[in-house]
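Asks:
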Amino acid sequence: MPVISPSAFASPDPRAANDLAALVPAALREKVRRLERANSIQRSGKAAAVPVGIPAIDVLLPEGGLLTGALHEIEAGPGPSGRVAPHDGAALGFTAHLLGRFGPGTILWCRRPTGRFDAAPYAPALSAWFDPARLLMVTAQRDEDLFWAMEEGLRCPGIAAVLGETRAADPTAGRRLSLAAEKNGVPALLLRAQPAPPQSVCATRWRVASAASASMPGLTDVGAARWRLELRRNRFGTPSAAETPSWLLEWNDETHCLAVVPQALHGSPSARFQERLVG
Amino acid sequence: MRLADARALLPDLVTEAGEPQADCRLIETIAGWCDRYTPWVAIDPLGGALAEDIETACSAGGFGGDAGLLLDVTGCTHLFGEGESGERALLADLVMRLARRDLSCRAAMADTAGAAWALARFAERQADLHCPARGQRDALASLPVEGLRLDPPTMETFLKLGLRRIGDLYPMPRAPLVRRFGELPLNRLDQALGALAEPIEPRRIPPAFRTRLAFAEPIGRAEDIAAATSRLLAALCHQFEQAGVGARRLEIALYRVDGSVDRTSIGTSRPNRDNPKLMKLFEERLDELDPGFGVELMILSAPEVEAWSGTQDALPDQESPGIASGVDGTIDLADRLALRLGAGNVVRLLTRDSHLPERVQIAAPVSSKPAATGAWRRAADLKGARPTRLLQRPEPVEVTAFVPDDPPSVFRWRRHAHRIVRADGPERIANEWWRPRSDGTHPPAGILPPVRDYYRVEDDDGGRFWLFRDGPYQLAANGQPTARWFLHGFCA
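From first to last, the protein sequence lines are chains A and B. Read left to right, the first sequence gives residues 368 to 646 (my numbering). Read left to right, the second sequence gives residues 1199 to 1690 (my numbering).
(1) Considering Cα atoms alone, identify which of A:GLU597, A:TRP618, A:ILE526, A:ASN601 is closest to PRO612 of chain A.
(2) How about ALA1445 of chain B and VAL1503 of chain B: do their beta carbons lie closer than 7 Å?
(3) Taking the Cβ atom as the reference point for each residue, do ALA528 of chain A and LEU466 of chain A lie within a distance shorter than 7 Å?
(4) By Cβ distance below 7 Å, which residues in the same chain neighbour ALA1229 of chain B in space, the five residues on each side in sequence not counted?
(5) Leaving out five residues on either side along the sequence, give the residues of the same chain with a beta carbon under 8 Å from the beta carbon of VAL1343 of chain B.
(6) Starting from the beta carbon of GLU519 of chain A, find every residue of chain B whose beta carbon is closer than 8 Å, and list them in chain order.
(7) If you reduce the DSSP assignment to three classes, tell me which class VAL1692 of chain B lands in.
(8) Would you tell me roughly how many angstroms separate the C-alpha atoms of GLY1333 of chain B and LEU1391 of chain B, rounded to the nearest one?
(9) What distance in whole Å lies between the Cβ atoms of PHE1609 of chain B and LEU1554 of chain B, which are believed to be in contact at a cut-off of 8 Å?
(10) Between the region 499 to 530 of chain A and chain B, which residues of the former have a C-beta closer than 7 Å to a C-beta of the latter?
(11) Look up PRO1519 of chain B in the DSSP assignment and say whether it is helix, strand or coil.
(12) Classify GLU518 of chain A as buried or exposed, calling it buried when 16 or more other Cβ atoms lie within 10 Å of its own Cβ.
(13) Give the DSSP-derived three-state secondary structure of ALA1297 of chain B in the structure shown.
(14) Listing by chain order, which chain B residues have their CB less than 8 Å from the CB of PRO584 of chain A?
(15) Would a check of beta-carbon distances place ASP1472 of chain B closer than 7 Å to chain A?
(16) What residues from the region 1540 to 1556 of chain B come within 9 Å of chain A, judged by C-beta to C-beta, listed N to C?
(17) Could you work out which residues of chain B lie near SER448 of chain A, taking near to mean beta carbons separated by less than 8 Å?
(18) Could you round the C-beta distance between ARG478 of chain A and GLU532 of chain A to whole angstroms and report it? I think they count as a contact, below 8 Å.
(19) Cutting at 8 Å between CB atoms, please list the residues of its own chain near VAL370 of chain A, excluding the five before and the five after it.
(20) So what's ASN619 of chain A in DSSP terms, helix, strand or just coil?
(21) Among all the DSSP beta bridges, which residues are the ones paired with TRP1664 of chain B?
(22) Check whether the Cβ atoms of LEU558 of chain A and THR462 of chain A sit closer than 7 Å, and answer yes or no.
(23) Checking contacts by CB at 7 Å: is ASP485 of chain A closer than that to chain B?
(24) Could you pull the DSSP bridge partners for ILE441 of chain A from this structure?
(25) Could you tell me the distance, in whole angstroms, from the CA atom of GLY1259 of chain B to the CA atom of GLU1399 of chain B?
(26) Does the region 499 to 516 of chain A come within contact of the region 1536 to 1549 of chain B, defined as at least 3 CB pairs closer than 8 Å?
(27) Looking at C-alpha atoms only, which residue of A:PRO480, A:GLU430, A:LEU513 is the closest neighbour of GLY541 of chain A?
(28) How do the region 1202 to 1212 of chain B and the region 1371 to 1387 of chain B stand: do at least 3 beta-carbon pairs fall below 8 Å, yes or no?
(29) Is the distance from the Cβ of ALA1451 of chain B to the Cβ of ILE1403 of chain B below 7 Å?
(30) Alpha carbon to alpha carbon, how far is HIS623 of chain A from TRP496 of chain A?
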């Protein structure tokens, strides 16, 4: 492995020496980072990545899936009407799906209660994705405590994944979490109920919004849950043709299977609603 | 003597109102301070002013101060010197240290609590305050009978009969005494002489495992306290190993030079005697301790210990591969988190066999046994679709429904109207009739318990909610059917 020392790029100009990042080509920096990553993964002796389970998405991700030693952010996005839903049910569902992919081991779930209208995760529904007996639930009253608990969890060898539910977007905390995740090969996930400005150094950022489900023809029952998923940031992955790749996913509650809805079955929810009214 | 009589004798008498509660607090503080000599400290229940029931207050309570402390120093005096000289040194040390704080006291030491009690109050010479081993019979003989801790009426009768000294009772035949005065006087005498056991009930249960470290010079720096804690911990962990136990709770007490005591404790969710791990837990807490002007003594004790199951930890637990095994360090992680965030904030989820959605999931301490693998899945499979988030308490919503028994067409929650496009339901969940109501009474027979009709609905924006109607529609005063609707959760 070639050793690249920072001094190799040092220039006689003292001002430019401070601005190392500008001097080194982006591609080279990326290469160094990949080498470092491969090294740290090798040391931890864990799988480098865990597939999401949907081929269309895994193709775009580095190592064919979600990196285990990295920070991933999931945020709730606006629905078809452009309004952010008052709850993050869809984002939580997708997060639970991701948590179910990591394992075995304890899942550390850190959350900050949101006061009077607090809605805690409900284990009977989560059992569709993973066994809630694996959960260690942590409630923190302050964001500092929440990030501290997450970092402590990332350092613990028996933890399969760490999830933090917060509205705070703290770039320093994100950086620390990312480093701790990389060092220990444990994935860190951040779930936000609101879209947040992209600040932290996460490996992937997902935006999930609930989408209208498909009823049986002629009926008005609630069909299988559908989510509009956007991959808004993909740090080490393959660039996609679209700027932000987006999929319509369907979660089948009976077969416990998450799949992309074929394009032919798409249709705007309003059109479908009209159709139903007419029919 | 009454205050008016006293004022008549001495007009410029200075008076202060009595403060029994402040006295009690002071005695508590001194008792806590006395832990430096022995863990077995009790506040004398017969002290005159401090006795809860004035009837039980002893006639001698008023002699030489009302309050008393009983210290069982068995096995503690060797720290001050060998044999009798150590005992005398301990007494002198106790009196000297209290005198330095302007507290006058008389301390006596004897084989029995009763003898020490009498000596402390009625001994005439300083040398008599320390009673040699098995010497209480001679030492008590010349003391007044008040030294026997008797109630005032018995006392008066004794004096009338001319029984003034404790020694006067020695030759008396026992049977007539018991017939005349009951068993109490002779029991007291036997207790004082050591013929009858008199257990002392300690103020705090003395821990079985305890180490102490006294400093020649008071220490105050945080690093010094940490280093001392580490040394104490090493000694205590050695004790644990010998006894085959592990600590569930550890307490460290700092005895400051000004006589006050600062304590803090750590808890673990399973028996632990791993020195570095316990030290790590203590490091979180040591900042909270205030050394004040300096610490002269530190005591580390383990109030709660449990049998050590260390050998079993190495085997993976087949039944519950989750947190229970603890080999992977999750238990230690949980301890560390609980120490900073509070034990109630680090929990695992257990399932409960119930129909009511809010009762199914309970938060349990990490030390509890986790739900069996697949128990959650089995419980969930028996029920209808459940939300991924459940509101702590259902929130009332305003609804519009075309037909009373149909799901609503619009519901309004937090000032926003959600037009419902799809709905599933109802799933009827009745209150569990076998459980008492919130006020503790059972519903009378024949009356159906209230039911909830749950609907899973989807609004035109794709959001999925879990609503319920509380009870059936009823006719309101204006003849309109009404029902109360609530939002209970959010679906994926």
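C-beta atoms are modelled at their ideal positions from N, C-alpha and C, and glycine is treated no differently.
Replies: Here's the rundown:
(1) One-based indexing of the first sequence puts residue 612 of chain A at position 245. Checked all of A:GLU597, A:TRP618, A:ILE526, A:ASN601; the closest Cα to PRO612 of chain A is A:GLU597.
(2) The count along the second sequence starts at 1 and reaches residue 1445 of chain B at position 247. The count along the second sequence starts at 1 and reaches residue 1503 of chain B at position 305. Taking 7 Å as the Cβ cut-off, ALA1445 of chain B and VAL1503 of chain B qualify as a contacting pair.
(3) Counting from 1 along the first sequence, the entry for residue 528 of chain A is found at position 161. Counting from 1 along the first sequence, the entry for residue 466 of chain A is found at position 99. Yes.
(4) On the second sequence, residue 1229 of chain B is found 31 positions in, with the first residue counted as 1. So the list reads VAL1239, ILE1241, LEU1267, ARG1401, once near-sequence residues are dropped.
(5) Here residue 1343 of chain B refers to the residue found at position 145 of the second sequence. Hits under 8 Å: MET1353, PHE1356, LEU1357, LEU1361, ARG1362, ARG1363, ILE1364, ASP1366, LEU1367.
(6) Sequence index remark: in the first sequence, residue 519 of chain A carries index 152 (1-based). Result: LEU1531, ARG1534, LEU1535.
(7) Within the shown structure, residues of chain B are numbered from 1199 to 1690, placing residue 1692 of chain B beyond reach of any answer.
(8) Within the second sequence, numbered from 1, the residue matching residue 1333 of chain B stands at position 135. Within the second sequence, numbered from 1, the residue matching residue 1391 of chain B stands at position 193. Going from the Cα of GLY1333 of chain B to the Cα of LEU1391 of chain B covers about 9 Å.
(9) In the second sequence, residue 1554 of chain B corresponds to position 356, counting from 1. In the second sequence, residue 1609 of chain B corresponds to position 411, counting from 1. Rounded, the Cβ-Cβ distance is 22 Å, inconsistent with contact.
(10) PRO499, ALA500, ARG501, LEU502, LEU503, MET504, VAL505, THR506, ALA507, ASP512, ALA516, GLU519, GLY520, CYS523, PRO524, GLY525, ILE526
(11) The residue you call residue 1519 of chain B lines up with position 321 of the second sequence. Confidence in PRO1519 of chain B is poor, its pLDDT being 44 and thus under 50, which makes the residue's placement unreliable; the coordinate value appears in the next sentence. The answer is coil: DSSP assigns PRO1519 of chain B none of H, G, I, E or B.
(12) Sequence index remark: in the first sequence, residue 518 of chain A carries index 151 (1-based). Counting other Cβ atoms within 10 Å of its Cβ, GLU518 of chain A reaches 16 or more and is therefore classed as buried.
(13) On the second sequence, position 99 is the one that residue 1297 of chain B refers to. Of the three classes helix, strand and coil, the one that applies to ALA1297 of chain B here is helix, per DSSP.
(14) Sequence index remark: in the first sequence, residue 584 of chain A carries index 217 (1-based). Correct list: empty, because the minimum Cβ distance to chain B is about 13 Å.
(15) Within the second sequence, the letter at position 274 stands for residue 1472 of chain B. Nearest CB-CB separation between ASP1472 of chain B and chain A: not below the 7 Å threshold.
(16) GLY1540, GLY1542, ASN1543, VAL1544, VAL1545, ARG1546, LEU1547, LEU1548, THR1549, PRO1555
(17) Counting from 1 along the first sequence, the entry for residue 448 of chain A is found at position 81. The contacting residues are ASP1658, ASP1659.
(18) Your numbering for residue 478 of chain A matches position 111 in the first sequence. Your numbering for residue 532 of chain A matches position 165 in the first sequence. Approximately 4 Å separates the beta-carbon atoms of ARG478 of chain A and GLU532 of chain A; this is inside 8 Å, confirming the contact.
(19) If you number the first sequence from 1, residue 370 of chain A lands on position 3. Confidence at VAL370 of chain A is low in this model, with a pLDDT of 47, below 50, so the placement of that residue is unreliable and no value is reported for it.
(20) To locate residue 619 of chain A, count along the first sequence from 1; it is residue 252. Look at ASN619 of chain A here: in three-state DSSP terms it is strand.
(21) For the purposes of this step, residue 1664 of chain B is taken as the residue at position 466 of the second sequence. Note: TRP1664 of chain B sits in a beta bridge opposite B:ARG1654, B:GLY1687.
(22) One-based indexing of the first sequence puts residue 558 of chain A at position 191. One-based indexing of the first sequence puts residue 462 of chain A at position 95. The answer is yes: Cβ separation under 7 Å.
(23) If you number the first sequence from 1, residue 485 of chain A lands on position 118. Judged by the 7 Å Cβ criterion, ASP485 of chain A is in contact with chain B.
(24) Within the first sequence, residue 441 of chain A is the residue found at index 74, counting from 1. Answer is A:LEU558, A:TRP573, bridged to ILE441 of chain A.
(25) Numbered from its first residue, the second sequence carries residue 1259 of chain B at position 61. Numbered from its first residue, the second sequence carries residue 1399 of chain B at position 201. Note that GLY1259 of chain B has pLDDT 47, beneath the 50 cutoff, so the model's placement of it is unreliable and the number below is only indicative. Approximately 19 Å between the Cα atoms of the pair.
(26) yes
(27) Sequence index remark: in the first sequence, residue 541 of chain A carries index 174 (1-based). It is A:LEU513.
(28) no
(29) What you label residue 1451 of chain B is simply residue 253 of the second sequence in a count that begins at 1. What you label residue 1403 of chain B is simply residue 205 of the second sequence in a count that begins at 1. Cβ distance not < 7 Å, so ALA1451 of chain B and ILE1403 of chain B don't count as in contact.
(30) In the first sequence, the residue the question calls residue 623 of chain A occupies position 256. In the first sequence, the residue the question calls residue 496 of chain A occupies position 129. Spanning the two alpha carbons is a distance of roughly 8 Å.
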